[in-house]
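Trainee:
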Amino acid sequence: MRYLVCTADVDPCPAGNVASLPFLETVDFTAMGITPEVLFFVFGWGFAAVLAFWLLGFGTALAIANIRKI
1 MRYLVCTADV DPCPAGNVAS LPFLETVDFT AMGITPEVLF FVFGWGFAAV LAFWLLGFGT
61 ALAIANIRKI
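Take the sequence shown: its letter number 6 is residue 6 in the UniProt record's numbering, and every next letter is one higher.
(1) Whose C-beta lies closer than 7 Å to the C-beta of Val18 among residues of the same chain, with five residues either side of it excluded?
(2) Could you pull the start and end residues of the alpha helix (DSSP H) that Val38 belongs to?
(3) Need the endpoints of the alpha helix (DSSP H) that Phe26 sits in, please.
(4) Any idea what DSSP makes of Ala19, helix, strand or coil?
(5) Taking Cβ to Cβ, would you say Phe23 is nearer than 7 Å to Met1?
(6) What separation, rounded to the nearest whole angstrom, lies between the Cα atoms of Gly59 and Ala31?
(7) Identify whether Val10 lies in helix, strand or coil by the three-state DSSP scheme.
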């Protein structure tokens with residue numbers, strides 16, 4: 001995906017200062033605070049949340065199975 005960007009800081013942009021750039025060149029992830037550490041932190045929380053809900057469901061299923069045996 002490509003974007004049209006203005007290379008001059010004026011409004012409206014002169015026709016000679018319009019450039020077509022790919023998405024990754026128009027976005028600065030580190031300026032937005034997206035760093036490898038943040039990605040690993042968010043991935044870790046997501047993995048832990050999925051695992052916690054799975055364990056909660058598994059524990060509930062075991063409890064229900066034991067109650068039905070009684």
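Glycine is no exception: its CB is placed at the ideal position from the N, C-alpha and C atoms.
Mentor: Taking the coordinates as given:
(1) For Val18, where only same-chain residues beyond five positions count, the Cβ hits under 7 Å are Leu4, Cys6.
(2) Segment 36 to 69, the alpha helix (DSSP H) holding Val38.
(3) A quick correction: the sequence has Thr, not Phe, at residue 26. That run of the alpha helix (DSSP H) goes 23 to 26.
(4) Here DSSP, grouped into helix, strand and coil, assigns Ala19 to strand.
(5) Between Phe23 and Met1, the C-beta spacing is below 7 Å.
(6) Here the alpha carbons of Ala31 and Gly59 stand approximately 43 Å from one another.
(7) Assignment of Val10 by DSSP, reduced to helix, strand and coil, places it in the coil class.
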